[in-house]
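Take a look at the structure set out below.
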């Protein structure tokens, strides 16, 4: 291979400095998950193809990476495809080849594998089952800025409990994670029940998903959604109602006015789901305020929030950064009543959240919020002056490492300038110099790479000098 | 889907308790890597197919998981295959379909992606480049006990330095990792240069790989390897020499006698590689002893050690557990002089080691060496007595979590027996009970789940009571 090697489009290498930053994000999230009683779970990168297909809609199905069968299984797949499709219609042949030459695929998200896991292990699990999962997922999407074919998801879910205390707890998890990361955020909430109530009120429940998908665009395109409703052929009555609703929503305190108005109308018309949706939202927000003793500012209702995913049935969340230029959400989630039903286990209500690690990374980088010392880097480099000095340094090196300090000895006897450059490039704080003189006198010259200052200390005092 | 879902053969789900144990192993290894100046790197799960093929031998190539092309690329692949192979010879059709319908594949190990990364980013890297990488790899091997299609590798490598100090440092890493894990091990070393010297001495260098592969079986099948040499058609002289060599090796101190004898004969015949191999081994072992001040016991030479992989050119390592029943190695590695040559970057000598996390897991489990408290688990559960009590508990829960203690509130108001069972099953140490009485009196009843003991403390003293 003469040409420079490369990697598949939409995938990334993570260099050491990127890795240390990513680890900082993952570790912060993981520590909070554990503090809230969530336990780690990992599932295989590959799932059986039938576990994944039919779960993400037609578009999602197309984006699943399939694993090619091997050896004789592949040959027999091609034979069968030729048998069933003939060889004249190449498109039909391709389609049946495709079906018969893959029985496994890479996971598309962590939610479906989690549901599969819960059903498969239902007799061993303690419910409510609280798990977190931090693993990559793969989607054959067209790559673009901020959209990759391989990316990590960080999910936490509680399954097997209908209590709204779980929603409260997940809100607290979100707030604590971003507090730890030092990032100002807004948690927005809505309820699918409330949206269903709207559907009943305006008589659009036969097209509820479509109705809700358009509403979800309000945050991006504002009142233009009214035009979208018109184009989609919703009735004049709906358009009038939506317009008034959105006008109010755009005003300060209009959110609350909408809620009060809706509650009154839901009650009048006996629309239970709508009433329940509002009551649940208020209960969750009360719980969060009660636990944290803070006011409403960081947790608010956004009646236009809908979230695309089909499976939500109760409260839904989305988190926006209040710093930096990123508009899209950096965390989201919600309540789902029938996630495991697709695998034959009914009545398992759950609620979960998912952190967007890549987006959080971008915001922290843009706003300069990564800590200066991410940990994990070498603190002290012993310069190499040749075999005798190096052998002597090995002993000191061991003492320094035993004190818990990350340290290394430059392996080759090269010019000092090169060794200093190595320390500089790697962000090493101190260089310990033990040449012939230092060796004789039992001292070590310590150079502070930031200030350039050098001082000689007794070798026994080295650890103290750099701490 | 009515049948119980399952996962592809050879893959595994890792339950929370398994995950906590695995994290303990990975974290221990990672901390040592970082303390020795290795920095993290991650590469994508998928590599371009051409990056991987031709690197693992014919057998390895067959075990690479290929990603099926999508949509029109797949259709056009099938069309081209039909064009080139015709449709009468199904085997030929299958073979050309296969070639034209995959251009990406899952990584087979971490070494080739690492070499690819170094070549691709050679102008940005600081050499010597010390990186560690802990990621899963995939192989379409026939699954069996202890052999999986998805498993993690934990590698550390230094590339761009020929100094033997790197070998010393990696030996120290190995010893420190297993010290931290509390496991007694034996690090065995040999040198490919020494083996090449043997080849010259016995005149088998035209069949060196074959010769070395047979020798490598000595630890498993003992003197039966002599029979294997005979079957493979090696000359009577070789058989005689090998027999004497192995007889001596089997004796106490025979290893040293062999080394002394070989050194003398290498010198007599001017076999430089053999002399170098022995000198290097002695230098590395001296370095380790010098750094740690320990005697030879845990680091020894094993002249029959060969390690299968083609690319080693200098020192090679293998680690065996001295506790438990596992015979195979739990860590291995060595020096390679031309890993990046396959991607067009010559003269980049490197040395690396790889920990076998699955095997280490098995040994620690068998020998009962996992710590009782792996961390990460909930320490305190607040029982749920209904909405009023729960809302009150939320405040205390926050205080407990702020003190860094992992804690949760049972989300549902169910029978106490069920809540206690949840705590038991999840290994939670304490349950905090705040019912109507406790609420009135401002106290909390704390139950120690291990002893069953209950005591009432003021709510303000809760944290102290469980610490």
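Chains as they are written, first to last, in this note's numbering: chain A, 4 to 470; chain H, 4 to 470.
In this text, a Cβ means the ideal position worked out from N, Cα and C, and glycines have one as well.
Because the structure is a prediction, the values reported are computed rather than measured.
Own chain partners of residue i with C-beta closer than 8 Å, once the 5 adjacent residues on each side are dropped
i: residue 46 (chain A); result: 110, 113, 116, 117, 119, 120, 136 and 138
i: residue 14 (chain A); result: 151, 152 and 153
i: residue 253 (chain A); result: 225 and 226
i: residue 391 (chain H); result: 442
i: residue 399 (chain H); result: 385, 435, 437, 447, 462 and 465
Within 8 Å, strictly: CB atoms of residue i and residue j
i: residue 103 (chain A); j: residue 326 (chain A); result: no
i: residue 10 (chain A); j: residue 51 (chain H); result: yes
i: residue 409 (chain A); j: residue 370 (chain A); result: no
i: residue 360 (chain H); j: residue 436 (chain H); result: no
i: residue 40 (chain A); j: residue 411 (chain H); result: yes
i: residue 277 (chain H); j: residue 200 (chain H); result: yes
i: residue 97 (chain A); j: residue 77 (chain H); result: yes
i: residue 159 (chain H); j: residue 29 (chain H); result: no
i: residue 397 (chain A); j: residue 434 (chain A); result: no
i: residue 157 (chain A); j: residue 357 (chain A); result: yes
i: residue 123 (chain H); j: residue 8 (chain A); result: yes
Residue i classed as buried or exposed, judged by whether at least 16 other C-beta atoms fall within 10 angstroms
i: residue 4 (chain H); result: With a pLDDT of 46 at residue 4 (chain H), under the threshold of 50, the modelled position of that residue is not reliable, and no figure is offered here.
i: residue 191 (chain H); result: buried
i: residue 462 (chain A); result: buried
i: residue 328 (chain H); result: exposed
i: residue 374 (chain A); result: exposed
i: residue 301 (chain A); result: buried
i: residue 368 (chain A); result: exposed
i: residue 147 (chain H); result: exposed
i: residue 318 (chain H); result: buried
i: residue 55 (chain H); result: buried
i: residue 316 (chain A); result: buried
i: residue 193 (chain H); result: buried
i: residue 1 (chain H); result: Residue coverage of chain H in this structure runs from 4 to 470, which leaves residue 1 (chain H) outside it and unanswerable.
i: residue 352 (chain A); result: buried
i: residue 65 (chain H); result: exposed
i: residue 91 (chain A); result: exposed
Same chain, Cβ closer than 7 Å to residue i, neighbours up to 5 away in sequence not counted
i: residue 171 (chain A); result: 287, 290, 291 and 294
i: residue 1 (chain A); result: The question about residue 1 (chain A) has no answer here: the residues shown for chain A are numbered 4 through 470.
i: residue 2 (chain H); result: Residue coverage of chain H in this structure runs from 4 to 470, which leaves residue 2 (chain H) outside it and unanswerable.
N- and C-terminal bounds of the alpha helix (DSSP H) containing residue i
i: residue 217 (chain A); result: 211 to 218
i: residue 261 (chain H); result: 257 to 272
i: residue 49 (chain A); result: Segment 49 to 51 is the beta strand (DSSP E) holding residue 49 (chain A); no alpha helix (DSSP H) there.
i: residue 27 (chain H); result: 19 to 38
Bounding residues of the beta strand (DSSP E) (the contiguous stretch that carries residue i)
i: residue 193 (chain A); result: 188 to 194
i: residue 122 (chain H); result: Element bounds for residue 122 (chain H): not the beta strand (DSSP E) but the alpha helix (DSSP H), 114 to 123.
i: residue 111 (chain H); result: That residue, residue 111 (chain H), is in no beta strand (DSSP E); it is neither H nor E in DSSP.
i: residue 156 (chain A); result: 153 to 162
i: residue 372 (chain H); result: First-last for residue 372 (chain H): undefined, no H or E at that position.
i: residue 2 (chain H); result: The requested residue 2 (chain H) is not part of the displayed model; chain H covers only 4 to 470.
i: residue 138 (chain A); result: 132 to 141
i: residue 451 (chain A); result: 446 to 451
Chain-order list of residues whose beta-carbon lies under 6 Å from that of residue i (same chain, five-residue window excluded)
i: residue 169 (chain H); result: 161 and 354
i: residue 455 (chain A); result: none
i: residue 465 (chain A); result: 447
i: residue 220 (chain A); result: 228
i: residue 88 (chain A); result: 95, 96 and 99
Within-8 Å CB hit, residue i to chain C
i: residue 209 (chain H); result: Although the question refers to chain C, the structure presented lacks it and instead comprises the protein chains A and H.
Positions along the stretch 370 to 387 of chain A whose CB lies within less than 9 Å of some CB in chain H: 378, 379, 380, 381, 384 and 387
Residues in the stretch 290 to 310 of chain H with C-beta within 7 Å of chain A's C-beta atoms, listed in sequence order? 290, 293, 294 and 295
For the stretch 169 to 183 of chain A, enumerate the residues whose C-beta is nearer than 9 Å to any C-beta of chain H, in chain order. 169, 171, 172, 175 and 179
What are the residues in the stretch 411 to 445 of chain H lying within 7 Å of chain A by C-beta distance? 411, 412, 414, 415, 425, 428 and 429
Counting only Cβ-Cβ distances shorter than 8 Å, please list the residues of the stretch 45 to 56 of chain H near chain A, keeping chain order. 45, 46, 47, 48, 49, 50, 51, 53 and 54
What residues from the stretch 317 to 351 of chain A come within 9 Å of chain H, judged by C-beta to C-beta, listed N to C? 345, 346 and 347
Members of the stretch 277 to 288 of chain H near chain A, C-beta cut-off 7 Å: none
Taking a cut of 7 Å between CB atoms, which residues from the stretch 79 to 94 of chain A lie near chain H? 81, 82, 85, 90, 93 and 94
Contact set between the stretch 212 to 238 of chain A and chain H, restricted to residues whose Cβ is under 9 Å from the partner: none
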